[in-house]
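Oh and the sequence shown: position 264 is 264 in full-length UniProt numbering, straight run, nothing missing. Every residue, glycine too, gets a C-beta built ideally from N, C-alpha and C. Just so it is clear, the structure is predicted and the values come from calculations on it, not from any experiment.
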Amino acid sequence: MTTIKIHEFSTGIAVQGTPENWWSTRFTGYMNLTLAQVPPVLQNAISNRLFQAAEGSVREAVETARAAGETTVQPAIIAREVKEGNNAYSAIAVITPAKDEKGRTISVYRYFLTTGLGNLTHLLYWYDQKAKKLIFDPFDIKNEGDYYEYDTSQTRRFEIPRSNEKLQNLLNSDDANIIISYDIQCMIYNINKLASIKKEEYELTAWAYKVEGLSKPWFFQAIYPASRRAEETIKKQIQQGENIAPIVEGEYPVKTAIRTLSNQAGVKYDLLNHIEEALKLTNHYNDKTWEDSIFKTLDIENAKKADFNTPYFIRLYELYGLNIYQKLPDLLKWLELDAISKSNDLEQEHYKIAAELSRKIQEQIKQSPDSFKAIELKAFQGINYIISSLALKESVEGINFTQETRKNLLKNWLTLDNDGLWRTVYQKYYRQLWNDIVQIAKNYMTARNTLIEAYSQPKYSNISLSESHIKKMLEDEIPQSGSSNNKQQEMILSQGTSTFNYIQTNTNNDSHPKDSYELRYAYQNLQILGQDNWKSITDDMVKLIWYGRSPQNSKYSYLADFFGEVGELFEDRNNYFLSALFHTMATGEVPTSIWNKCKFQAKYEKKYKFIKIPDSPTIELSRRLALWEKTIISIIKLLIKFYQFWSQPYTPKEDEKKTGKVVLLRYLIIFVLTIILIDGLKFSPIKIGQDAFKISKNWVDRQLDPDSALTKEDKEQYMSTTVPALDKIVNDFVKYSKPREKVNRENFNRNTVEQAIIKILQNPESDFQLAFFTKNATGEKSKWFTAIKEYQTRVSSDDTPTNLKADGIIKTGENTDQRLRCDIVNELKLEFDQKKVTQCNQYGVDLTNQQQILPTDSTEVQNWNKNLESLNALVTEFKTKHTITYETSLNNQISELLTQRNKDYDQINQIDPTNINSDRKVWLEGIKTYQKSKGATKPDGLIDKDGATYNHLKCDIAKGLGIILNNPPNQCK
1 MTTIKIHEFS TGIAVQGTPE NWWSTRFTGY MNLTLAQVPP VLQNAISNRL FQAAEGSVRE
61 AVETARAAGE TTVQPAIIAR EVKEGNNAYS AIAVITPAKD EKGRTISVYR YFLTTGLGNL
121 THLLYWYDQK AKKLIFDPFD IKNEGDYYEY DTSQTRRFEI PRSNEKLQNL LNSDDANIII
181 SYDIQCMIYN INKLASIKKE EYELTAWAYK VEGLSKPWFF QAIYPASRRA EETIKKQIQQ
241 GENIAPIVEG EYPVKTAIRT LSNQAGVKYD LLNHIEEALK LTNHYNDKTW EDSIFKTLDI
301 ENAKKADFNT PYFIRLYELY GLNIYQKLPD LLKWLELDAI SKSNDLEQEH YKIAAELSRK
361 IQEQIKQSPD SFKAIELKAF QGINYIISSL ALKESVEGIN FTQETRKNLL KNWLTLDNDG
421 LWRTVYQKYY RQLWNDIVQI AKNYMTARNT LIEAYSQPKY SNISLSESHI KKMLEDEIPQ
481 SGSSNNKQQE MILSQGTSTF NYIQTNTNND SHPKDSYELR YAYQNLQILG QDNWKSITDD
541 MVKLIWYGRS PQNSKYSYLA DFFGEVGELF EDRNNYFLSA LFHTMATGEV PTSIWNKCKF
601 QAKYEKKYKF IKIPDSPTIE LSRRLALWEK TIISIIKLLI KFYQFWSQPY TPKEDEKKTG
661 KVVLLRYLII FVLTIILIDG LKFSPIKIGQ DAFKISKNWV DRQLDPDSAL TKEDKEQYMS
721 TTVPALDKIV NDFVKYSKPR EKVNRENFNR NTVEQAIIKI LQNPESDFQL AFFTKNATGE
781 KSKWFTAIKE YQTRVSSDDT PTNLKADGII KTGENTDQRL RCDIVNELKL EFDQKKVTQC
841 NQYGVDLTNQ QQILPTDSTE VQNWNKNLES LNALVTEFKT KHTITYETSL NNQISELLTQ
901 RNKDYDQINQ IDPTNINSDR KVWLEGIKTY QKSKGATKPD GLIDKDGATY NHLKCDIAKG
961 LGIILNNPPN QCK
């Protein structure tokens, strides 16, 4: 025998009258609770109107009953399962009409619930077997602990009679929502059974019985209307909302998490965890569920049509592109990341908002590295989705952009996303891709050794095992071997790298034999390169690594350019290695710039041991030669040929009537004509000797000393003066300065100042990128010297009181040092005093155009601090006196009442009250609007503890949370 506990609670009202004749004067949250409080998961469902009859539907039921001459109205019943995390309940709501003090009809609810899913049938049998049906009754007083007990063995198995053709036909229909015609006789057990059969595996059961209308009818599997009018109305509602997906397990907290993250820049563990847990439930949350049930209800369609001037839409679209990775290209295109032409374009506000959310997500992941694998996987898949498409000239499914656009979108996003989620995941991505390439070489060794062992038996002694023959045998079909199957894959993230587990077999196609050593071994243990969208690329990669055959297909040029361009964002050389490999696959040559970044030996042609595995194949890489190099090589080859002709003259055969003299004369004529021809084409020996020597000397000098453009004195002064000055600037700002906005102070560090210096000094038009940690390195000195010199020239003008000497040097305390410090204050919006304003004016930097800062003792600041104290006291009161444990609901209530959820209460203590343009202004306007709604004639935006505004808030929060106040203030009446 199993006994379940059944609890209840009812709509809270202030009741007047007698048990036989009563009315309500106002709503008061909930009453007659047999639990300490309404479970948050059920409260959320009620707040989301999932138990709510449509406005006016109960009044229509009363009018219908009167027209039929009936004195009572049959109760409507709504039943549903609810679940968030480990908290799950089965509940029914019994809905009946009542009157208010003016005689108007109102809806009142009596809820019955028990823990766990799958208990609606037990609840129904318990309720239906009651001699007196339990409906709303304010005089049926219940206290905490007054629950009912029910023996579930009393529940009888119920099936829909096969003889009832109408119900059987409804059950067999393809409609997601069954609407039982009002004129069909239908027991309440029938509708419960219909809903439980009709629901999908991942759905929660929901049905409604004898209802005149529902707020959200599309979220029910079965509905039995009370009248013809109700049936027509409900069918019309469902038709209009036919694209709305059914509610799935845990949908409400997921939706709340995404809405909250879209509304604010802060990222909290619990919000991110809701999304993580949903992503793990792939059967529940597929792409269609994310699209229809989550993002469409959060207004993603309007976000797609809007400009990116709304932070909410920017963050919402970014989360959309994360959770549905095929939408990442659409997000990046919407942000116009393909339109960036200068580095300062990345400083636009919408880019900052997008990058900030990504960075905050990554910060949470870094704090709990094993807690958000599903989110990392989605970012990984989005990156892979774009990169794998770069070799496809035609449009890819879901991507209608050119290869050039695709490349620039992802490259610019990774550049912008410094320390963010996608850039961090990309580091794992490209390292894994390089590991796959190394794995192909390892697979070659496995296949080669297996083949040699198989043919080492005496009966194969007549078969040659030379290297060239081995390679041919690896490709040829193995007679009478195996079958082909489909490839399966599963991808997981573990230990900081992405890991794909493959059950790898081979797929037949017309270009390969049915079975070979290549097909057996080449594709083993590949993770990224083992996926279907990489297949054609992997096939060509195998041909290059195993057999040295380059496809020389231009489709690989975009992959080569992409990895070459993003390589500068990372310290290792793997991106450049990938670029070199794809350049070889595209043209057979590697550009000199990539060759040098790979730090290959500077020879013009070489078979290079690219992957350092013993006995692995040698990949032939060729550097793309400059015109002057090709010219010199051609001349050298020609001279060698002439030398060979002269030292080993051609001797005609005896039967030929040519003498050695004639042959020598012929070659002499060729030599003279060649010299004349070359001289006429401006490549004369003299010109070649002069120009090529100069170019060669400069090229060699640059290879030996990348800073050769600087004089010895410049180098010494840079190291002894500029480098210490830059370090002192960073140290001083970190030690003595802070941003005016409190919210920015927690992230203010050395890197903040260093990046500001780079942004100020770096010329957007320059073809190099500064890096602070390498400013002492060889090859970097000249970049910094040039950048400083250009900065000195750029900021000096006739209007500037103090000009800077354009010498490329920064000396502590002198003009360039002082001007740079002023620019940093301006750039980072740091605190400053009047002395700093005067000093910076001398260098042409006007700090007065910065945001106005209020004195800390001003009336505005003091009033704000008073509001903050009152609101914090109100929150503390609810958390202590009323045992509120679901803090998110409490915070959301305050945000809803005062700012319509435009601002998050969690961030209110981070607001800098001295900043006149901070969010303080939004909250003050919201408070005034709230005061007006409560009848204030002169709203002042002030909340005094225990004052009118404070008490109004207390009443509204209690009502929203379903809490009955022990001593409600007068404002609650």
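To the nearest angstrom, report how far apart residue i and residue j are at their CA atoms.
{"i": "Asn509", "j": "Asp572", "result": "Confidence at Asn509 is low in this model, with a pLDDT of 41, below 50, so the placement of that residue should be treated as unreliable; the coordinate-derived value is given next. Going by the C-alpha atoms only, they are around 38 Å apart."}
{"i": "Gln488", "j": "Trp290", "result": "Reliability of the predicted coordinates at Gln488 is poor, the pLDDT of 29 falling under 50, and the value obtained from them is presented with this limitation in mind. Taking the straight line from one Cα to the other gives about 25 Å."}
{"i": "Asn951", "j": "Lys881", "result": "15 Å"}
{"i": "Lys903", "j": "Ile911", "result": "11 Å"}
{"i": "Glu159", "j": "Asn169", "result": "15 Å"}
{"i": "Ile77", "j": "Ile387", "result": "54 Å"}
{"i": "Glu232", "j": "Pro75", "result": "20 Å"}
{"i": "residue 979", "j": "Gly548", "result": "Outside the displayed range of the chain (1 to 973) lies residue 979, so it cannot be described from this structure."}
{"i": "residue 989", "j": "Asn909", "result": "Past the edges of the chain, shown from 1 to 973, lies residue 989, and the structure says nothing about it."}
{"i": "Asn751", "j": "Thr310", "result": "28 Å"}
{"i": "Asn172", "j": "Leu194", "result": "10 Å"}
{"i": "Lys973", "j": "Gln348", "result": "50 Å"}
{"i": "Ile6", "j": "Asn48", "result": "23 Å"}
Nearest to residue i by alpha carbon, out of the options?
{"i": "Lys166", "options": "Ile184, Val211 and Pro19", "result": "Ile184"}
{"i": "Asn86", "options": "Tyr189, Glu277 and Phe139", "result": "Glu277"}
{"i": "Asp956", "options": "Gln907, Tyr30 and Ile4", "result": "Tyr30"}
{"i": "Tyr150", "options": "Leu124, Gln168 and Leu42", "result": "Leu124"}
{"i": "Asn32", "options": "Pro969, Gly962 and Ser181", "result": "Gly962"}
{"i": "Val41", "options": "Thr114, Phe577, Lys928 and Lys133", "result": "Thr114"}
{"i": "Ile238", "options": "Ala176, Ala226, Ser368 and Tyr285", "result": "Ala176"}
{"i": "Asp476", "options": "Lys459, Tyr460, Gln457 and Leu451", "result": "Leu451"}
{"i": "Glu203", "options": "Thr538, Lys728 and Glu81", "result": "Glu81"}
{"i": "Gln834", "options": "Asp823, Asp846 and Glu827", "result": "Asp846"}
Spatial neighbours of residue i within its chain, please: CB distance less than 8 Å, with the 5 preceding and 5 following residues excluded, ordered by chain position.
{"i": "Ala557", "result": "At residue 557 the sequence reads Ser, which differs from the Ala that was named. Phe582, His583, Ala586 and Thr587."}
{"i": "Ile106", "result": "Ser24, Val58, Pro97, Ala98, Lys99 and Asp100"}
{"i": "Lys738", "result": "Arg745, Phe748, Leu830 and Glu831"}
{"i": "Gln364", "result": "Val267, Lys268, Tyr269, Leu272 and Phe372"}
{"i": "Thr3", "result": "Glu149, Tyr150, Asp151 and Thr152"}
Where does residue i fall in DSSP's three states?
{"i": "Val922", "result": "helix"}
{"i": "Leu272", "result": "helix"}
{"i": "Thr405", "result": "helix"}
{"i": "Thr949", "result": "helix"}
{"i": "Ala76", "result": "strand"}
{"i": "Ser684", "result": "Note on Ser684: pLDDT 49, under 50, position unreliable in the model; the coordinate value appears next. The answer is coil: DSSP assigns Ser684 none of H, G, I, E or B."}
{"i": "Gly145", "result": "coil"}
{"i": "Pro39", "result": "coil"}
{"i": "Pro217", "result": "helix"}
{"i": "Ser498", "result": "Residue placement at Ser498 is poorly supported in this model, since its pLDDT is 35, which falls under 50; the coordinates still yield a value, given next. Strand at Ser498."}
{"i": "Val542", "result": "helix"}
{"i": "Gly17", "result": "strand"}
{"i": "residue 986", "result": "In the structure as shown, the chain begins at 1 and stops at 973. Residue 986 is therefore absent and cannot be evaluated."}
{"i": "Pro739", "result": "strand"}
{"i": "Val62", "result": "helix"}
{"i": "Thr507", "result": "Confidence at Thr507 is low in this model, with a pLDDT of 38, below 50, so the placement of that residue should be treated as unreliable; the coordinate-derived value is given next. The answer is coil: DSSP assigns Thr507 none of H, G, I, E or B."}
Give me, in chain order, the residues of the same chain whose beta-carbon lies closer than 6 Å to that of residue i; leave out the 5 immediate sequence neighbours on both sides.
{"i": "Lys697", "result": "Summary for Lys697: the model assigns pLDDT 49, below 50, so the residue's position carries little reliability, and this model does not support an answer."}
{"i": "Gly808", "result": "Phe785, Ile788 and Lys789"}
{"i": "Gly321", "result": "Lys327, Leu328 and Leu331"}
{"i": "Asn891", "result": "Tyr905 and Asp906"}
{"i": "Leu421", "result": "Ser358, Ile361, Gln362 and Ala379"}
{"i": "residue 1016", "result": "As displayed, the chain neither begins before 1 nor continues past 973, which places residue 1016 out of reach and without an answer."}
{"i": "Leu337", "result": "Leu409, Asn412 and Trp413"}
{"i": "Ile188", "result": "Tyr209"}
{"i": "Ser579", "result": "Ala560, Phe563, Gly564 and Ile594"}
Return the chain-ordered list of same chain residues with a C-beta closer than 7 Å to the C-beta of residue i, the five sequence neighbours on each side being excluded.
{"i": "Lys811", "result": "Thr721, Ala725 and Asp817"}
{"i": "Ala354", "result": "Ile314, Glu318 and Leu335"}
By DSSP's criteria, residue i is part of a beta bridge. Which residues make up the other side?
{"i": "Phe112", "result": "Glu8 and Ile92"}
{"i": "Leu830", "result": "Pro739"}
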